[in-house]
Structure formats: C-alpha cells, structure tokens
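Everything below concerns the one structure shown next.
Protein chains in written order, with the working numbering: chain A, 1 to 211; chain B, 1001 to 1211.
So this is what it looks like as structure tokens:
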C-alpha cells in the first residue's frame, strides 16, 4: 500500500470523522504497529512522529491528526497493544472467584510471547526515564481496566484494588523481563498463576481492612 | 576534614588492609554518602568516580582502591544505604508469623522518608536504563537478604520466596515513589502492612504449590 492510498483513506485534517470507518481503523493500526516497533527499538526519546509515519507508510500530518503528541502516541500504542489480549480476553470472562488466577495467566501468557517480552522491557525503560510517561499507567488502569472490571463484576473500592493488582503484576513483570531474576524467570505461567493468583484474588475481591 | 587527612587514613594502594580499621570505614561511609547523592541527583551516566571522590573529600585513587568501577560503586552504595535500616532492623527481629507485616512496615517506613523516596525514584531510573545495573537486585537479594533470613528462620525454597517478595515490594515502591499512582500513594504504611503483609507472609512461609 502506498502513502497516497493510506492518506486518501483518512479524514481531512481539521475535520473530525463523523463515524468509525474501517479505513481509519486500519490507518491507526498501522501507526500503532510502527510506533510500538520504534519505541521498543529506539526508546522514547529517539523515536519521532515523522519516523513512525514513514514506517507506517502514512503522511506525517496524519499521525499528528490522530495524536496530539508523542506522549499521547506512546500511551495509545501501549493501550492498543495490551488491551485486547490481556483485558478483554482474560479478565472479564469467567467466574468471579477465578478472576485472580485468570488475570495472572492472561497477563503472563501475553507478555511471555517472544516479541512481547522485549517490547515490555523496552517500553518499561522508555517510561522509567521520561516522567511524562508516568501517566501511562494511571491512564491505562483508569480508562481500560476499571470500567471493564466494574461492568463485569461487583467490586468495591475498585480503584484501590486495581492499584494493588497493578503493583504486583508490574513488579513481577519487571523481575521477569527486565531484571531477569532467576527465581522469577524460572517459573512457568502455570506456576505463576498458582503462586500469584491467590494474591490477585484477595486484592480484587477479598477483605483488605486492618486485620 | 581535608583531602589529605582522609587519604592518609586509607590503606596504601595495591595492598589489602590486614584488618578493619575505623578510619577506613569512615572513608567508605563518606564515599557511599557522596555516591548516593550524586547517583540520585545526576543519574548513573552523569555520575563520575572523580566527582564522587571530590564530594567525599577523598583522593580519586581511593575510590578506585575500594571499588572496581562505577557499577560496583552503585551496587555497594545501595547495599550500604538500605541494608542496616530495612534488613537488620525490621526483618529478622521478631516472630516468624509476623515476618510479612514487619517486612512491609520496615520497607516503607524506610523508603517513605523525605530523602529516601526521591533517592528510590532516582536510583530506580538509573537502574532501569543501564542493563549493567540489573545485577544490583539479584546481588542485593543473594548477598544481603538470603543469608540473614536463613540464619534467623527456617525457610524452604528461600531464593524463590525472596524473589516473590522482592517483586511485590519493588512493584509497590515503583507505584508509590515513581509512578505515584493515587491508589497506592494514598495508603499509610499501616494500611500497606494490613493489605500487603499477608501476601508477604504467604510468599515467605506459606504453601506456594499448585492449589
């Protein structure tokens, strides 16, 4: 597909699209895929909107049309990469009492992928050094996780509970994909689900009051 | 204290000290304090052995005498900063069944300090971007935590258990001091102990087999 074809399929600059068009979704998907590759390979600082546009085969103006800036592109790229597989697939389908185990299985089943684990390490390093990117995690949890979880299950203090879940999962992923601590890398996804599933279940549905 | 005085108190270069001398310990402490400040303020890349020596008021050759390189200095600095307060004080004193809660209270009681929380964020950012520094966490756990824990309590699969504990604590500290996720920053140390203490206790002494 040439640059011209992709550019044709996008809404004119300055005017918002009146509805979702498959061609616009394709363009966004191409931008996300290019952005994920660039952020993972080069880090946040060395990635440019122009470079992403070039790899996606779209006009740079189109990247700016969809995304206000590089921080927004970074955030949306992670959301687009993670959301369908981890959240929709694993979390909100199934009984409430197996939520914790399913979440661990879905999370590490996804990030253990050969492409994904390098992406995690690279995105993590980008985020760790750019304070502007710290908002990615709260935005992801608040926009993508919280509403889906609350739509599927009755969960009190959901924001607090999701914060605890995120801290545990991100800490483990950090040890598994970035630090590569042998005690954590040696575990299979099934072992992680056995060990960490009960923690997740308690954080999501258990009693967290003073005990 | 002048540079000359400090340099005098160190063993001659190329010869190992035959015993621990208080003056040598003072010199190391001064280097650690200077290094912590430099790494925290400037990050790993912009910190130099020479700059640390200058702030500590010692001859640069002395820093090289004690530390093979910047990675070793970084590692030892974190160990010297964290070990006495967190490990010796909080972890191995008290009943085995309160180990989890005590560990959470000691860890966050220490890192919540006004100076410490900025240090955590800065050291974390340094480590996240320098793959050579990833060895800091395994080295710290293996050298400082594992032997002390095993000397104080009977713990099976200690390396595995400590890995799980580290993943949880570091994930939480990341959310509390770096990402500053409201759900995690809003909690007091006592609340963290109530919520996370049981997780730590299970990871350290509970049944982690398939269940």
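Each residue gets a CB set at the ideal place from its N, CA and C atoms; glycine is no exception.
| query | result |
| --- | --- |
| Tell me which residues share the same chain as residue 195 of chain A and place their Cβ nearer than 8 Å to its Cβ, disregarding the 5 neighbours each side in the sequence. | 187 |
| With respect to the alpha helix (DSSP H) encompassing residue 1024 of chain B, which residues constitute its N-terminal and C-terminal limits? | 1022-1046 |
| According to the neighbour-count rule (16 or more other Cβ atoms, all chains shown, within 10 Å of its Cβ), is residue 95 of chain A buried or exposed? | exposed |
| Does DSSP put residue 1188 of chain B in a helix, in a strand, or in coil? | coil |
| Any Cβ of chain A within less than 7 Å of the Cβ of residue 1160 of chain B? | yes |
| For residue 117 of chain A, which option in A:36, A:208 and A:30 has the closest C-alpha, if you only look at C-alpha atoms? | A:36 |
| Can you list, in chain order, the residues of its chain with a C-beta nearer than 6 Å to that of residue 108 of chain A? Leave out the 5 residues immediately preceding and following it. | 189 and 192 |
| By how many angstroms is the C-alpha of residue 27 of chain A removed from the C-alpha of residue 33 of chain A? | 10 Å |
| With 16 as the cutoff for other CB atoms within 10 Å, does residue 160 of chain A come out buried or exposed? | buried |
| Return no unless some Cβ of chain A is closer than 7 Å to the Cβ of residue 1286 of chain B. | With chain B covering only 1001 through 1211, there is no way to say anything about residue 1286 of chain B. |
| Around the Cβ of residue 1198 of chain B, are there at least 16 other Cβ atoms within 10 angstroms (buried) or fewer (exposed)? | buried |
| From A:126, A:176, A:90 and A:162, pick the residue whose C-alpha is nearest to that of residue 77 of chain A; which is it? | A:126 |
| Secondary structure at residue 93 of chain A, three-state DSSP: helix, strand or coil? | coil |
| Quick test of the definition: if touching needs 3 or more C-beta pairs under 8 Å, does the region 1174-1185 of chain B touch the region 155-173 of chain A? | yes |
| Return the CA-CA distance between residue 130 of chain A and residue 44 of chain A, expressed in angstroms with no decimal places. | 8 Å |
| Helix, strand or coil: how does DSSP classify residue 209 of chain A here? | coil |
| Determine the chain B residues that contact residue 100 of chain A at a beta-carbon separation under 7 Å, and present them in chain order. | By Cβ distance, chain B contributes nothing, its closest Cβ being about 12 Å from residue 100 of chain A, past 7 Å. |
| Cβ atoms of residue 200 of chain A and residue 106 of chain A: under 7 Å apart, would you say? | no |
| Taking C-beta to C-beta, are residue 111 of chain A and residue 61 of chain A nearer than 7 Å? | no |
| Anything in the region 161-177 of chain A with a Cβ closer than 9 Å to a Cβ of chain B? List those residues in chain order, please. | 161, 162, 163, 164, 166, 167, 168, 169, 170, 171, 172, 173, 174, 175 and 176 |
| Using the beta-carbon count (16 or more within 10 Å), is residue 1059 of chain B buried or exposed? | buried |
| Only counting the same chain, and skipping five residues up and downstream in sequence, which positions put a Cβ closer than 7 Å to that of residue 1075 of chain B? | 1136 and 1139 |
| Among the residues of its own chain, which have a CB less than 7 Å from the CB of residue 132 of chain A, if the five just before and after it don't count? | 71 |
| Return the residue from the list B:1154, B:1128 and B:1158 that minimises the CA-CA distance to residue 1142 of chain B. | B:1158 |
| Check the Cβ of residue 125 of chain A against every Cβ in chain B and list those closer than 7 Å, keeping chain order. | 1128 and 1129 |
| Give the range of the alpha helix (DSSP H) segment to which residue 68 of chain A is assigned. | No alpha helix (DSSP H) contains residue 68 of chain A, which DSSP labels as neither H nor E. |
| How would you label residue 154 of chain A, buried or exposed, when you count the other beta carbons within 10 angstroms and need 16 or more for buried? | exposed |
| In angstroms, rounded to a whole number, what distance separates the CA positions of residue 1093 of chain B and residue 1103 of chain B? | 10 Å |
| Can you tell me whether DSSP reads residue 1104 of chain B as helix, strand or coil? | helix |
| Shorter than 7 Å from the beta carbon of residue 1245 of chain B to some beta carbon of chain A? | Because chain B in this structure spans residues 1001 to 1211, residue 1245 of chain B falls outside the shown range and cannot be described. |
| Regarding residue 1026 of chain B and the ligand ZN, is the C-beta to nearest heavy atom distance less than 6 Å? | The ligand ZN is not part of the structure shown, which contains no ligands of any sort. |
| How would you list, in chain order, the residues of chain A whose beta-carbon sits under 8 Å from the beta-carbon of residue 1179 of chain B? | 134, 137 and 138 |
| Keeping to the same chain, check which residues put their C-beta closer than 6 Å to that of residue 1056 of chain B; ignore five residues upstream and five downstream. | 1030, 1031 and 1034 |
| On a CA-only basis, which of A:39, A:65, A:25 and A:167 is nearest residue 122 of chain A? Give me that one, please. | A:39 |
| Is any beta-carbon of chain E found at less than 7 Å from that of residue 1030 of chain B? | The displayed structure is made up of protein chains A and B, and chain E is not among them. |
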